[in-house]
Amino acid sequence: GYDVVTTKWNSSGLIKPLIKSRKALRVLSGEEYSLLHAADFRHRVEHEILPALWAGKVVVADRFLFTGLARDVARGLDLDWVLKLYQPLLWPDMVFYFSVSAATSGRRVSATRMPNFYEAGQDVTKVDDPVESYVQFIGRVIREYESLALIFNFITVDAEQSINDQHRRLRELFRERQRLPWQKWNVDAVAEWLSLTPSAARR
């Protein structure tokens, strides 16, 4: 088995409350939205992800920096500008992309709840109906994910399938995929973290 640590998008104990309060006001610009989520990600990289990796654990991230890239570009921001927010980049050795249509995604989300204002992209679409707005906006996000999948060689999973089928396929792909030492292609990120965390270098 593996010693596993999990982390979720937008879950930093330090940054998440700030994001939540700003979202409640519905006054976030695209740039502020991007900056806050990048700060949340960076805080988790430094305090959760890199310490776990350094200790020899496996980190399973429910969404990674690519989520920020796709959403921010779908909001009209420049990809190069957004990438700079996440530097030095921490590259995972496996990225599973669950490919699904906008219609299916909208149907699944709305089956149990209404998408919230920013999730639905209502700040971008200006559409009053949250489900209609969600389908429009997630279509933009999906197009960005598809581009990123080609650029960064994501492992694509057909998310139109049932959850059980997706889970079975995910396990197969994880077993089959060759994994390389994560430090070798994350030199810059590790060097910065060690400079900020001298105690880790002495372990």
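When the count follows my numbering, it moves up by one through the sequence shown with no breaks and lands on 229 for the last residue. Ideal placement from N, C-alpha and C gives every residue a C-beta, glycine not left out. Computed from a prediction, not measured in an experiment: that's the story for all the values here.
By DSSP's assignment, Y123 forms a beta bridge with T182. Beyond the five residues adjoining it in sequence on each side, L111 comes within less than 8 Å, by CB distance, of S60, L61, A64 and G94 in the same chain, given in chain order. Counting C-beta pairs with one atom in each stretch, the stretch 140-160 and the stretch 64-76 have fewer than three that are closer than 8 Å, which means they do not touch.
Burial state of A50 is exposed, judged by a 10 Å Cβ sphere holding fewer than 16 other Cβ atoms. If you draw a 10 Å sphere on the C-beta of F90, you find 16 or more other C-beta atoms in it, and that means buried.
For the options P118, A87 and S125, the alpha carbon positioned closest to that of G165 is the one of S125. Annotation for V84: Y28 and V30 place their beta carbon closer than 6 Å to its own, counting only its chain and skipping 5 residues before and after. Put simply, the backbone Cα of I45 is about 15 Å away from that of D98.
For T223, there is no enclosing alpha helix (DSSP H), as DSSP marks it with neither H nor E. T93 carries a helical assignment under DSSP once its states are collapsed to helix, strand and coil. Put simply, the stretch 118-137 touches the stretch 165-185. At least three CB pairs are less than 8 Å apart.
Here L222 really is in contact with E72; their C-beta atoms are around 7 Å apart, less than 8 Å. Note that the C-beta distance between A146 and Y160 is below 8 Å. L199 is a Cβ neighbour of I181, given a cutoff of 8 Å. The residues N36 and D66, in chain order, have a CB closer than 8 Å to that of K42 in the same chain once the five nearest residues on each side in sequence are set aside. Distances from the alpha-carbon of F122 to those of Q187, A217 and R195 put R195 closest. Remark: C-beta atoms of D119 and K34 do not approach each other more closely than 8 Å. Around the C-beta of L115, fewer than 16 other C-beta atoms lie within 10 Å, and the residue is accordingly described as exposed. Excluding the 5 residues flanking it on each side, T130 has same chain C-beta neighbours closer than 7 Å at E186, in chain order.
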